[in-house]
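Residue numbers (this note's numbering), protein chains in the order written: chain A, 9 to 654; chain B, 101 to 467. Presented below is the structure to which this report refers.
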Amino acid sequence: MARWRYHSSSKQTRAVPRIEPRIAILSALIALVLAVVTVRLYYLQIIRHKEFIELADRNRIRIHRLPALRGLVFDVHHRPLVDTRPSFDAVIVPEDVRNLKQTVARLEGFLSQDNIASKLTQAEDEGRPPFDPVTVEEHLGWQQVVSLETHQLQLPGVSLEVMPQRHYIYGPLAAHLLGYVGEVAEGDLRHANDYRMGDEIGKFGLERVFEGALRGQAGGQEIEVDSVGRKLKLLREIPEIPGRSVVLSIDLDVQQAAEKAMGKNSGALVALDPNTGFIIAMVSRPAFDPNIFANGITSVQWRTLTTDPQHPLANRSIQGTYPPGSTFKLIDAIAGMQDRTLSPETSYYCPGGLYYGNREYHCWRKQGHGTVSVHRAIVGSCDVFFYQVGIHLGIDRLAQWAHMLGMGEKSGIELDNERPGVMPSSLWKQKRFGQRWYPAETLSVAIGQGYVAATPLQMALVAAEIANGGTRYKPQFVKEAEALDGSVVKNFPPIIERRIPFNPTVLDIVRSAMCDVVNGVGGTGHAAHLDNIDVCGKTGTSQVVKEAGNARIAEDKEPMKYRDHGWFVAYAPRDHPKIAIACVIEHGGHGGSSAGPVVHDVMQKFFELYPPPGIKPAGSGTGAPQAAPSRTPEGHPAGSIVERGD
Amino acid sequence: MALDRRLVYHFDWTLFVMTLGLGGIGLLSVLSASWGGPRHALDPLVVRQLVWIGVGTTLMAAAAIFDYRALATYAYPLYVVTVGLLAAVMVAGHVTGGSRRWLNLGVLRLEPSEVAKIALVLVMVRYLREEPPRGGWSFRQMIIPGLLLGVPLGLVLKQPDLGTGIVLALVTATLIFVSGLNGRVLLVAMLAGALAAPAGWHYLKPYQKQRLVSFINPQSDPLGAGYHIIQSEIAIGAGGAWGKGFLKGTQARLNFLPEQTTDFIFAVFAEEFGFAGSILLIALYAGIIARGIWIARHARDRFGQLLAVGLTAIVFWQVAINVGMASGVLPVVGIPLPLVSYGGSSLIAMMAAMGVMISINMRRYLF
């Protein structure tokens, strides 16, 4: 200590040489640090400026989405089937409430609810700021809305929020075709990036398939917020584009008649225009009410629907595959005659059964049909005759014609989950089971049993092809998409998938036989008879237990489940057909007595509304639309029909 | 004390104007950071800052007139008082944001750690003004400066105020180095410091550790500790070349920036005045620092030289750490941007320090 104290003196030296170089070093260090800071600022403010300005905007701008009004759904005469109605939610802004406890207590009283306080606590726990509105009750009833409105003054901070809600005006009517909407699922969000949590999305049926048209485009507000998310001002508004409305080919009156005629039966019905392929009515039973989805379906309701052994959510008209039973004989007859293994004069003797191989194959009529030609065989639905046709034709030639008529393939209707059914062939069996085809199996197929399975839509198309002379249309149910002001945005012309090379003579024979099924002596389909219009049809009864290929139904144990399915396929009138129908009644027994009357009722309603020229409607035209547009092919100018090249 | 005409002649107007210029930038930035829109009343913060600039200017003038050599006499008493104040903070301090930093003195709230920076420089310079022996200060001779630093440093870290603690240590180190530390001791000290750094981790508070982690990877906790760094970088970067314009910075106005009137005031300024403004600000600091070094080199006595170095070092280290922190090159520690950040204690202390520098400069031709 003493040594360096020695240097200290009261006299300050003028120069302090040791300090200078150290100050120089310090200066260099300072210059370096300031240079680094400057470079850093250059990097942030010049080089990465764009990136940061975007981040700053993202910080301060919140996009508040305004979902577009979903398009409406009309029937063919522009009567609304689905619309959107206001639904009211009760909303609390905690910050605006002066006495939270009191307000919540009052609100719980008005709404007869006791969980509002807990909902608010939950929102608080999630870290929602107090200026963020909390929805405490959704889909208020009218009484609740009125109650809140009249007590507005006692409920500061409570308001009603109007939300659009999908409304299916006729409840379960055509539910499987119209489908339903629901909140977008997390899985959908991943591949549809213009959807947000809480958005409505079509989940099933038309609502799902035409989602793109119906939904429109959400608008939005750009709102400036501060760091805690408080809204400060509106920066920009993008108006939403309302969804397109769609005009269906469904006729509400015919659909209602079909729904009524189906009664409490399980099954399905498809009615379409054989000249265009447009669906006039489509029923699947049991049905469901799509409104329960719009109300926010509860888990109990969902479980009930999905676990119901009757599968009410399945659209049986395109998803239900049934052995077509005797309706398949129309295909046998066409295939046999087209293939010339069967001539109009060919007769076989039916003693009530046939021995083939080492087994007897019964005819449904134990006493037999005697000697029958193809006409009588169709009218009387003789099994033995068509066993013979099948034996002579062979499975593969039969399958070739059946495929041409659309068996075993999806029709291409724009609905999800359509099933192709089954039209077996030797190749099919080899692929499916690795076994060769046994000729005896052809006998089952010939009477629409065994492996063969068809959807009601497929059978309706078969009837339409016979009716229109062999034109295979793509079945459609949307005629037009229109904008909010009613202007047509898109027209859906009929689409021809292919033309089936029918021999006109063959068709005439089949058609006249179908006419006698309904109107002739010994016909099995008299139930569908109309007084002034020639209905042509074919009954079918498909066995569920023994020979049914459908294992699911066969395994059911209840006696009702063993009963046969009843089929009826038909078109009318005989000349210039306007409608083709296929109907299946599950476990309805004989088709003529179960499905026949249903088809009768639908036909009757249809011709009441659209009487063919020169024929007076049988009943009084109640409920007929004011302007019934023509359903004839003339209604669609030839040029507007789309034909698909094969 | 009669004022010598030569003194007025040698008054350092450059330093004075640069100091007031930074004070003006600070006032604008505080106004901007507290701006609520044209219809809102002016935030009292702005008025207070203006008053403090007035008080600071007066004190700066007084300090300029006052002969700095007399400060050597007051160095130890001032040091003792400051340490006393720091100790008082421990007992009766006002808590903000988890730290005990303020003394409530009725009319004003004093932050003793701001005064401590100046007091420590004074006492350090008072001690180091003795010329070092041949070869420079030995390790043993540094025990007393170490203790002089250690007492206020310990008290400041206890608050906890890591930022001020770092500044105290860096300023002391700068003074010891410039005043002539032995080269070998310097090397050993640097090595020891490097080795001790990991051990120091142990003594950090969890939030301080979190800040360091966030500094290395801000995205590790973008809504928590990394938030400050990210939002500050966004504000600075969004300023671009020319800035968004006065009162138009959204990051500050919408409260995305933390501590926007104090520790992060640089980000407020940089967002509104861009790279051009930032460069101007850095240039003003560089000017003050360069002036300080010029004064140190031209001061008449070793006391004046070291005092100028010490006061300049306070400015430099605070600017470097504050801007480095705001722009994301240094971890977040709470340090005001000298002369710009809101806060009476810091502003007045810094302006007084500038007055002392002017005083040193004025008197280089005297005696």
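All residues carry an ideal CB built from backbone N, CA and C; glycine is no exception. Computed from a predicted model, the values in this text were never measured in an experiment.
- Message: For Val-492/B and Gln-351/B, what's the separation of their Cα atoms in angstroms?
- Response: There is simply no residue 492/B to check, as chain B begins at 101 and stops at 467 in what is shown.
- If you check the beta carbons only, do Leu-439/B and Leu-208/B fall under 7 Å apart? no
- Query: Counting only runs that start and end within the region 198 to 276 of chain A, where is the alpha helix (DSSP H) found for 4 or more residues in a row?
  - Reply: Taking 4 residues as the shortest admissible run, the region 198 to 276 of chain A contains the following complete alpha helix (DSSP H) segments, listed from N- to C-terminal end: 213 to 217, 219 to 223, 260 to 270.
- Query: When DSSP builds the beta bridges, which residues end up paired with His-72/A?
  - Reply: Gln-229/A
- Give every residue of the same chain whose Cβ lies closer than 6 Å to the Cβ of Phe-614/A, excluding the five residues on either side of it in the sequence, and list them in chain order. Val-262, Ile-587.
- Query: Does any residue of chain B bring its CB to less than 7 Å from the CB of Ile-38/A?
  - Reply: Yes, because at least one Cβ of chain B sits closer than 7 Å to the Cβ of Ile-38/A.
- Message: So, for Asp-112/B: in the same chain, excluding its five sequence neighbours on each side, which residues have a beta-carbon less than 6 Å away from its beta-carbon?
- Response: Ile-458, Asn-461
- Item | Own chain residues within Cβ distance below 7 Å of Leu-178/B, not counting five before or after | Ala-219, Leu-222
- Consult DSSP for Thr-306/A and reduce its assignment to one of helix, strand or coil. coil
- Item | Cβ-Cβ distance between Met-425/B and Val-419/B below 7 Å | Not a contact, by the Cβ cut-off of 7 Å.
- Please confirm whether Trp-575/A and Val-552/A have their CB atoms less than 7 Å apart. no
- Message: For chain A, check one thing: does any of its Cβ atoms lie closer than 7 Å to the Cβ of Phe-375/B?
- Response: yes
- Query: Mapping DSSP to helix, strand and coil, what is Asp-564/A?
  - Reply: Reliability of the predicted coordinates at Asp-564/A is poor, the pLDDT of 44 falling under 50, and no value is obtained from them.
- Item | Inter-stretch contact at 8 Å, needing at least 3 Cβ pairs: the region 263 to 277 of chain B / the region 237 to 251 of chain B | yes
- Message: Closer than 7 Å between beta carbons: that is the criterion. Which residues of the region 384 to 399 of chain B meet it against chain A?
- Response: Ala-386, Ile-389, Ile-393, Ala-396, Arg-397
- Query: Over what stretch of residues does the beta strand (DSSP E) that includes Glu-288/A continue unbroken?
  - Reply: One point to set straight first is that residue 288/A is Ile, not Glu, in the sequence displayed. If you look at Ile-288/A, you'll find it in the beta strand (DSSP E) that goes 287 to 293.
- Item | Residue of Met-450/B, Val-146/B, Gly-343/B, Ala-408/B minimising C-alpha distance to Arg-464/B | Restricting attention to Met-450/B, Val-146/B, Gly-343/B, Ala-408/B, the CA atom closest to the CA of Arg-464/B is found in Ala-408/B.
- For Gln-327/A, write down the residues that DSSP places opposite it in a beta bridge. For Gln-327/A, which the question treats as bridged, DSSP gives no partner whatsoever.
- Which stretch, first to last residue, makes up the beta strand (DSSP E) that contains His-175/A? 166 to 176
- Task: Whole angstroms is fine: what's the gap from Phe-116/B's alpha carbon to Gly-455/B's?
- Result: Cα to Cα, Phe-116/B sits roughly 8 Å from Gly-455/B.
- Using a Cβ cut-off of 8 Å, pull out every chain B residue sitting near Ala-295/A, in sequence order please. For the C-beta of Ala-295/A, not a single chain B residue is nearer than 8 Å; the gap to the nearest is close to 49 Å.
- 7 Å Cβ cutoff, Ala-64/A in contact with chain B: yes
- With 7 Å as the threshold, decide whether the Cβ of Val-288/B is near any Cβ in chain A. Output row for Val-288/B: interface = no.
- Task: Can you tell me which of the three DSSP states Asp-97/A falls into?
- Result: strand
- Message: Whole angstroms are fine: how far does the CA of Gly-494/A sit from the CA of His-147/A?
- Response: 30 Å
- Message: Between Thr-158/A, Leu-115/A, Ser-155/A, which has its C-alpha nearest Thr-143/A's C-alpha?
- Response: Each of Thr-158/A, Leu-115/A, Ser-155/A was checked against the Cα of Thr-143/A, and the nearest Cα belongs to Leu-115/A.
- Query: Would Ala-170/B count as contacting chain A if we go by Cβ distances under 7 Å?
  - Reply: No, because no Cβ of chain A sits closer than 7 Å to the Cβ of Ala-170/B.
- Task: Just the chain B side, please: which residues come within less than 7 Å of Ser-235/A by C-beta, in chain order?
- Result: Leu-354, Asn-355, Phe-356
- State the start and end residues of the unbroken beta strand (DSSP E) segment that holds Cys-591/A. From DSSP, the beta strand (DSSP E) with Cys-591/A extends over 587 to 593.
- Query: If you drop the 5 nearest sequence neighbours on each side, which residues of the same chain put their C-beta closer than 8 Å to that of Leu-203/B?
  - Reply: Leu-185, Ala-188, Val-189, Ala-192, Gly-193, His-194, Arg-209, Leu-210, Glu-211, Pro-212
- For Asp-516/A, which of helix, strand or coil comes out of DSSP? helix
- So which residues of chain A does Ala-338/B contact, with C-beta pairs closer than 8 Å? Chain A residues near Ala-338/B: His-57, Phe-60, Ile-61, Leu-63, Ala-64.
- Compile a chain-ordered list of the residues in the region 411 to 436 of chain B whose CB is closer than 7 Å to at least one CB of chain A. Phe-416, Ala-420, Val-423, Gly-424, Ser-427, Val-429
- Task: Would you mind telling me which residues of chain B sit closer than 8 Å to Asp-53/A, beta carbon to beta carbon, in chain order?
- Result: One point to set straight first is that residue 53/A is Gln, not Asp, in the sequence displayed. In chain order, Ile-336, Gly-337, Gly-339, Gly-340, Ala-341, Ala-370, Gly-374, Phe-375, Ser-378 make up the part of chain B whose C-beta sits under 8 Å from the C-beta of Gln-53/A.
- Message: Just to confirm before moving on: does the CB-CB distance between Ala-535/A and Val-543/A stay below 7 Å?
- Response: no
- Message: For Pro-282/A, count the other beta carbons within 10 Å of its own beta carbon; 16 or more makes it buried, fewer makes it exposed. Which is it?
- Response: buried
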